[in-house]
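Structure first, then comments.
Protein chains: 2
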Amino acid sequence: MDVEDTVKKLNLKFRNIEGERLILAITCDENKNVLMVAFMNEEALKKTLETGYMHYYSTSRKKLWRKGEESGNVQKLIKFYRDCDGDALLFIVEQKGVACHEGYYSCFHYKIEDGELKITGEYYSKR
Amino acid sequence: MDVEDTVKKLNLKFRNIEGERLILAITCDENKNVLMVAFMNEEALKKTLETGYMHYYSTSRKKLWRKGEESGNVQKLIKFYRDCDGDALLFIVEQKGVACHEGYYSCFHYKIEDGELKITGEYYSKR
Numbered sequence: 062m063d064v065e066d067t068v069k070k071l072n073l074k075f076r077n078i079e080g081e082r083l084i085l086a087i088t089c090d091e092n093k094n095v096l097m098v099a100f101m102n103e104e105a106l107k108k109t110l111e112t113g114y115m116h117y118y119s120t121s122r123k124k125l126w127r128k129g130e131e132s133g134n135v136q137k138l139i140k141f142y143r144d145c146d147g148d149a150l151l152f153i154v155e156q157k158g159v160a161c162h163e164g165y166y167s168c169f170h171y172k173i174e175d176g177e178l179k180i181t182g183e184y185y186s187k188r
Numbered sequence: 062m063d064v065e066d067t068v069k070k071l072n073l074k075f076r077n078i079e080g081e082r083l084i085l086a087i088t089c090d091e092n093k094n095v096l097m098v099a100f101m102n103e104e105a106l107k108k109t110l111e112t113g114y115m116h117y118y119s120t121s122r123k124k125l126w127r128k129g130e131e132s133g134n135v136q137k138l139i140k141f142y143r144d145c146d147g148d149a150l151l152f153i154v155e156q157k158g159v160a161c162h163e164g165y166y167s168c169f170h171y172k173i174e175d176g177e178l179k180i181t182g183e184y185y186s187k188r
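As you go down the protein sequences, you meet chains G and R in turn.
Those letters in the first sequence? Residues 62 to 188, per this note's numbering, in order.
Those letters in the second sequence? Residues 62 to 188, per this note's numbering, in order.
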């Protein structure tokens with residue numbers, strides 16, 4: 062894959078997010094569980110396509126990060142999709158270990174029940 | 062559900078997106094297909110919880126919109142989750158008709174194959 066060429070053909074609509082030019086990256090496993098959502102700048106996208114492993118852009122640390130660089134919980138890219146208006150990509154990955162830094166399989170492990178935030182084992186906190 | 066109280070308990074981290082205070086809203090069907098991702102301001106979230114139907118915030122039109130208000134393709138809220146850092150919600154909905162204004166079931170119907178953008182019937186363009 063010619064990464065420069067692919068990124069051009071994606072015709073992405075970068076958004077002004079926290080003062081940076083970013084797109085949304087939704088990451089799912091092969092069973093369609095949503096693992097996380099994060100941001101990507103063009104460099105993070107290129108690194109992802111070049112290496113085959115997910116890279117994101119951290120708005121708080123203002124830098125590129127390779128998912129799992131400290132925890133070892135890397136995400137191997139399998140395939141990806143673009144949405145209709147081009148400001149979001151959906152990545153299907155093979156998740157090593159867990160996606161969430163809080164130790165849960167998915168970052169979406171807080172369920173809202175009866176108006177309360179509850180950590181739940183249901184649906185998004187397990188494979 | 063006391064909507065004001067629930068929104069407070071969600072303890073959301075609104076992001077500066079296109080100059081507005083917004084969160085990310087990922088919407089999936091009951092089979093875990095990702096239908097779309099859009100933005101919500103606090104008003105859109107409250108309207109969603111009050112009415113039981115998805116409302117988003119359009120950054121281009123700079124206004125609240127009720128999903129399906131013109132097409133009739135409304136999204137009935139079933140349940141929802143918050144992510145670990147509080148800048149995103151994941152909504153599980155019952156989708157009437159199709160989610161995408163281009164006529165596809167999901168907005169993520171462009172697959173990237175061999176570096177090319179292809180409209181695909183696979184995975185995200187059908188139930």
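Just so it is clear, CB atoms sit at the ideal spot from N, CA and C, and this is done for glycine as well.
Between the CA atoms of R/L96 and R/R76 - distance to the nearest angstrom: 22 Å
Segment contact, 8 Å Cβ cut-off, at least three pairs: the region 165–185 of chain G with the region 122–136 of chain R: no
Nearest-angstrom beta carbon gap, G/V98 and G/I87 [assumed within contact, 8 Å]: 5 Å
Segment limits, beta strand (DSSP E) that includes R/E174: 171–174
Backbone CA spacing between R/D175 and G/D90 [nearest angstrom]: 21 Å
Residue environment, R/H162, which counts as buried when at least 16 other CB atoms sit within 10 Å: exposed
Proximal residues to G/F150 (C-beta, below 6 Å), its chain only, five neighbours per side dropped: Phe is not the amino acid found at residue 150 of chain G; the sequence shown has Leu there. Excluding residues within five positions, the ones whose Cβ falls inside 6 Å are A86, F141, R143.
Members of the region 141–155 of chain R near chain G, C-beta cut-off 9 Å: F141, Y142, R143, D144, C145, D146, G147, D148, A149, L150, L151, I153
Proximal residues of chain R, C-beta to C-beta of G/H116 below 9 Å: Here the premise fails: no neighbours, minimum Cβ distance about 16 Å.
Residue of R/S132, R/K93, R/E81, R/I78 minimising C-alpha distance to R/G164: R/S132
Below-7 Å beta-carbon distance, R/E81 vs any chain G residue: no
Delimiting residues of the alpha helix (DSSP H) encompassing R/E65: 64–71
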